[in-house]
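J.: Position 75, counted from 1, in the sequence shown is what my numbering calls 72; the numbers after and before it change by one each time, with no gaps.
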Amino acid sequence: MSTRLTPGSSEPPTDTTAEEEAPTHKLSIAELDEEHRLYFIRAINRLASTEIAEVTYAQLIDGLPLSDVAGDRGYHFFHNDHPIYEVHEELCPGVMEKARKFRDDFQLETLRFDAKLLLAFRAAPPGSRAFNIHLIELVAVALHQIAVIIYERDESMHKTDGVHDWKPAGSYAPCWEPLPHLFQHSWYVDYDQYPHGAADMAGYWAEAQILGGVVLFDRRNPAENPDADQNAVYLHPDRYEAPYRIVKLLPEQRQALLDFLVGESDPTAPLLPIMVDKNNTERVDPEDPIRETGICRDLWERRDFPPDARDMRLRDVWDRFQFPTEKDRVASSRRAYERKWRIQEMDREMYLEEEAEKRT
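1. Could you tell me if A40 is buried or exposed, where buried requires 16 or more neighbouring beta carbons within 10 angstroms of its beta carbon?
2. Counting beta carbon pairs with one atom in the region 237 to 251 and one in the region 281 to 301, are three or more of them shorter than 8 Å?
3. At a cut of 8 Å, does the region 55 to 74 reach the region 26 to 33 through at least three beta carbon pairs?
4. Do D187 and R307 have their C-beta atoms within less than 8 Å of each other?
5. Per DSSP, which residues does L232 bridge with? Please list them.
6. Along the chain, which unbroken stretches of the alpha helix (DSSP H) at least 4 residues long are found entirely within the region 24 to 49?
7. I want to know whether the region 277 to 290 touches the region 328 to 341 - three or more CB-CB distances under 8 Å.
8. Let's test the definition: count the other Cβ atoms within 10 Å of the Cβ of W315 and tell me whether it reaches 16, buried, or not, exposed.
9. First and last residue of the alpha helix (DSSP H) that includes M347?
10. V52 by DSSP, collapsed to three states: which one?
11. Identify whether D111 lies in helix, strand or coil by the three-state DSSP scheme.
12. Which same chain residues, not among the five before or five after H22, have their C-beta less than 7 Å away from its C-beta?
13. Given this structure, state the Cα-to-Cα distance separating G60 from E87, to the nearest angstrom.
14. For P171 and T265, I'd like the C-alpha separation in whole angstroms.
15. Taking the alpha carbon of P80 as the point to measure from, which residue in H73, W163, L44 and A196 has its own alpha carbon closest?
16. Please classify Y241 as buried or exposed, where buried requires at least 16 neighbouring CB atoms within 10 angstroms.
17. Using the Cα positions of A67 and A199, report the straight-line distance between them to the nearest angstrom.
18. Tell me where the alpha helix (DSSP H) around G68 begins and ends.
19. Leaving out five residues before and five after N129 in sequence, what residues of the same chain have Cβ atoms less than 7 Å from its Cβ?
20. Measuring only the C-alpha atoms, how far is Y148 from E279?
21. Does the beta-carbon distance from L232 to L208 come in below 8 Å?
22. Per DSSP, which residues does V273 bridge with? Please list them.
23. Out of R119, A121, P192 and W184, state which residue places its alpha-carbon closest to the alpha-carbon of V145.
24. So E221 is in the alpha helix (DSSP H); what residue range does that whole segment cover?
25. D78: buried (16+ other C-beta within 10 angstroms of its C-beta) or exposed?
26. Take S25 as the anchor and find which of S125, L135 and T47 has the nearest alpha-carbon.
27. Give every residue of the same chain whose Cβ lies closer than 8 Å to the Cβ of A225, excluding the five residues on either side of it in the sequence, and list them in chain order.
28. Does DSSP classify R150 as helix, strand or coil?
29. Which residue wins for smallest C-alpha separation from E106, given the options L258, E28 and P321?
30. Just how far apart, CA to CA, sit A166 and H76?
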């Protein structure tokens, strides 16, 4: 990024669109004092210089994810016959150079952040809990926003090759409506309610590629929820070898990320993406509504789980990879059955109403 380490350098309902929510005041890092601004700049510069960030943003500039990246998903997979598995095994010539030039020329002052978040970061003493959690959120938002900017430049080298618009032949075709592009995190594709539409889809994909998952936080009110942890950081992965569920980072994982961001660890150490595993036992079901779990970054990031969608929690076999403890499995299964019974009861009431109307 061109801004280097030198001095001077609202809550809408889950299913509403960004246009329907109250406007949020946005500020740039120019509003930060020098010390806080340099902490932020250092964090972004270190992240942007990692191999995973370079490759991720290069794919956005190229216009297609790499074949192995497209195939590495943990929940919704592309059709077996999708051409993405064959046509894009390497970046197009010159793309990596374009990505590095974009990084070096990019002005961090062009990024805009929620005023409440930025001012809370400015008010927090460096090293404090508030400083740490706000820095992580600012970094996640920045990585997301940079991806949005790249996508909206619309410089894809694959606009006319038909890969994005591909549909399977035969009986699958009528029910297969492709999304605007292939930069997809399985759970963050509700682009019609995102502030930047399909570009935000790409943003969620990019931050998950770089950091190991979409970065989420505990938005519950501690005064109303004694279990709320305002210092917790969650990741929502979408990789084949990662849980499909939302996972709370262990204290040592969160600290390792912070050490990297503030420059207290080797920038070449293989930290990113963060790979969660069986040791991350605190998890949240993405099938449960955001308003119930309180774990999110923005309330509009995911719609409620569709009533007719397959609920993984109803499987008879105990998947210890997804549900690492018996307590977790039982609680998750209970929530799944309660949801199923609510849906069945609503269907029953709807049926009775329709029958009553027929008799009148």
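Think of the CB as a built atom: it goes at the ideal place given N, C-alpha and C, for glycine as much as any other residue.
T.: To lay it out plainly:
1. buried
2. yes
3. no
4. no
5. V212 and V244
6. 31 to 45
7. yes
8. exposed
9. E323 to R356
10. helix
11. strand
12. A112
13. 12 Å
14. Reliability fails at P171, whose pLDDT of 48 lies under 50, so the model's placement of it is uncertain and no value is given.
15. W163
16. buried
17. 13 Å
18. S64 to G68
19. L255
20. 34 Å
21. yes
22. None; V273 has no bridge partner.
23. P192
24. Segment: none, E221 is in no alpha helix (DSSP H) and carries neither H nor E.
25. exposed
26. L135
27. D215, R217, N218, P219 and G291
28. helix
29. E28
30. 11 Å
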